[in-house]
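Take 986 as the starting number for the sequence shown in my numbering and just add one per residue.
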Amino acid sequence: MTGGAGGGVDWPTAGSPVTPDAAAGAARGDGTPSVARTPVRTCVGCRGKGSRTDLVRVVAIEGVAVLDLRARAAGRGAWLHPDPACLALAERRRALPRALRVPAPLDLAELRTGLERLAAERGGAG
Ligand SMILES: [Zn+2]
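Right, dumping it as structure tokens:
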């Protein structure tokens, strides 16, 4: 056990710092999603957790809750299972206006129609 690492430490990276993000980015984008790095969302209805492919994003536009299927709309979003039952739960506890930070009466008719269509598509295809 002889300690002492000498004294001359050379720093090899003068102008090209290696960031952790660069290493992580290399493993991304090849079509194979990494389970460990999948962001987990919480359904505002049943409070169950799921990935962003399991849940759908909901945004409020001028007092109307709408589906944001591409998850690209600006502003706050809430996540919900594509299941009318989860919308009913969210509606009962007024979770959507709270999650979206909008005044309480939120028009859910369009959202409900979209969810029912989604549920029918997913249920019917499988
Ligand atoms: Zn749910």
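For every residue, glycine included, the Cβ atom is placed at its ideal position computed from N, Cα and C.
Neighbourhood of residue i by C-beta, 8 angstroms cutoff - its chain only, sequence neighbours within 5 removed
i	result
Pro1024	Ser1036, Arg1037
Ala1104	Pro1067, Asp1068, Pro1069
Asp1053	Val1041, Arg1042, Val1043, Val1044, Gly1062
Status (buried if at least 16 other CB within 10 Å, exposed otherwise) for residue i
i	result
Arg1086	exposed
Gly1128	The question about residue 1128 has no answer here: the residues shown for the chain are numbered 986 through 1111.
Leu1081	buried
Leu1072	buried
Gly1010	With a pLDDT of 45 at Gly1010, under the threshold of 50, the modelled position of that residue is not reliable, and no figure is offered here.
Residue i (DSSP reduced to helix, strand or coil)
i	result
Leu1093	coil
Ala1008	At Ala1008, the pLDDT of 46 sits below 50, so the modelled position is not reliable; the number obtained from the coordinates is stated separately. If DSSP states are grouped into helix, strand and coil, Ala1008 belongs with the helices.
Ala1105	helix
Leu1100	helix
Arg1055	coil
Arg1022	helix
Arg1032	coil
Chain-order list of residues whose beta-carbon lies under 7 angstroms from that of residue i (same chain, five-residue window excluded)
i	result
Glu1076	Leu1093
Leu1096	Val1043, Ala1050, Val1051, Leu1052, Leu1072
Check your understanding: What residue ranges within the segment 1061–1087 form continuous alpha helix (DSSP H) runs of no fewer than 4 residues, ordered along the chain?
Key -> Here the runs fully enclosed are 1069–1077, 1080–1085.
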